[in-house]
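All remarks here apply to the structure that follows.
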Amino acid sequence: MPSVKAFRAAFLDFTDDPFFTDESQSVRYFADGLLVVEDGKVKELGSWKAVRSKHPNVPITDYTGLLITSGFIDTHIHFPQTEMIAAYGKQLLEWLNKFTFPTERKFQDKEYAKKVASVFLQELLRNGTTTALVFAAVFPESVEAFFEEADRLNLCMIAGKVMMDRNAPDFLTDTAKSSYHDSKQLIEKWHHKNRLRYAVTPRFAPTSTDEQLQLAGKLLSEYPSVYLHTHLSEDADEIAWVKELFPQADGYLDVYDRAQLVTNRSIFAHGIHLTETEFQRLSEAEAAIAFCPTSNLF
Ligand SMILES: [Zn+2]
């Protein structure tokens, strides 16, 4: 016998993308609704009147007066930064060197990475976030640890190994070729395993050689269903640095574009200081920006 449960409450969810479809067609709200769940999966959702008559005998948990929504989706987060949340850095580049890089070093140790992954996922769930697009560290072990833990909880999570072959401490860099091979192995092993998905994850343009970015693009063309996750135009010093490192490119986004990384499966974190041309290009490619209010307002 399947286990069937029902919940009465107000419900809000999305049935389409409100950026492209009118709100009346993309957002659904039932002031007095009923959700029927069978063996942990949604069987039916609708107004109390319509759904109750179809399931007259199902026991009901009454949450009248409360609102139930679908799980939240975090579109940009770093799981190795769990233990240093709110560490204060005046500017991005200083913050990376002072806090982030020393912390990420510890994720070479898979057991350690697994412990942090477990805390990280519990914290997400405690806040109602059931899916996230996640930076791991440069070490493949950190991705293994994260996916093992997410899979054990049967979560839908998207993650990837950081690709970073320059402008970072030696203990944190890979090479263009090793990052390609390690990412490829991780894709083969984890992409579409149960509810897990892979994102090719160069940290950001300054920490990758052009060769590494080109190989990231090659991975996207070899595995068209994986995602691309990186950072873009978060602060002024960073943008100036990108200009110096890639004098041939026509702006920051163009560095990624030249490596075939601007696609409809690409998510760029931050995107604070974009030019009109860059907005146009992102729109045309149907690429997304993950804006991080807590980080950027801080
Ligand atoms: Zn970030």
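Quick note, the sequence shown lines up with residues 95 to 392 if you use our numbering.
C-beta: ideal position from N, C-alpha, C; glycine also.
Because the structure is a prediction, the values reported are computed rather than measured.
Chain-order list of residues whose beta-carbon lies under 6 Å from that of residue i (same chain, five-residue window excluded)
i	result
residue 261	300, 301
residue 210	176
residue 232	256, 258, 266, 268
residue 368	327
residue 172	229
residue 135	none
residue 340	349
residue 224	165
residue 220	none
residue 214	173, 176
residue 162	103, 105
residue 154	100, 102
residue 365	326, 327, 383
residue 199	265
Residues near residue i by beta carbon distance below 7 Å, same chain, minus five either side
i	result
residue 289	248, 249, 250
residue 157	101, 102, 103
residue 372	345, 347
residue 133	96, 97
residue 130	98, 100, 137, 138, 145, 149, 152
residue 352	343
residue 109	120, 122
residue 390	364, 366
Run of the beta strand (DSSP E) containing residue i, from where it starts to where it stops
i	result
residue 140	135-141
residue 127	121-132
residue 304	Counting along the chain, residue 304 falls outside any beta strand (DSSP E), though it belongs to the alpha helix (DSSP H) covering 304-316.
residue 168	166-172
residue 190	Premise fails: residue 190 is in no beta strand (DSSP E) and is neither H nor E.
residue 290	Taken as a continuous stretch (DSSP letters only), residue 290 belongs to no beta strand (DSSP E), as it is neither H nor E.
residue 382	382-384
Host alpha helix (DSSP H) of residue i (start-end)
i	result
residue 200	Unbroken run through residue 200: none, as it is neither H nor E.
residue 371	370-379
residue 391	387-391
Beta-bridge partners of residue i, as assigned by DSSP
i	result
residue 160	DSSP, once it has assigned bridges, lists no residue as partnering residue 160.
residue 107	122
residue 101	129, 155
residue 323	361
Own chain, CB closer than 8 Å to residue i, minus 5 neighbours either side, in chain order
i	result
residue 203	235
residue 287	241, 245
Residue i: CB within 7 Å of a non-hydrogen atom of ligand 2
i	result
residue 127	Among the ligands present in this structure, namely ligand 1, ligand 2 is not found.
Minimum Cβ-Cβ distance from residue i to chain D less than 8 Å
i	result
residue 197	Absent here is chain D; the protein component of the structure consists of one chain.
| request: Could you name each continuous alpha helix (DSSP H) segment of 4 residues or more that falls completely within the stretch 205-282, going from the start of the chain to the end? | output: Taken in chain order, the complete alpha helix (DSSP H) segments of 4 or more residues contained in the stretch 205-282 are 234-246.
| task | Starting from the N-terminal side, write out each stretch of the alpha helix (DSSP H) that is 4 residues or longer and does not extend beyond the stretch 334-366. | result | Listed in chain order, the complete alpha helix (DSSP H) runs (minimum 4 residues) inside the stretch 334-366 are 346-351.
| With distances taken from each beta carbon to the nearest heavy atom of ligand 1, which residues come in below 6 Å, in chain order? | Result (chain order): 170, 172, 325, 363.
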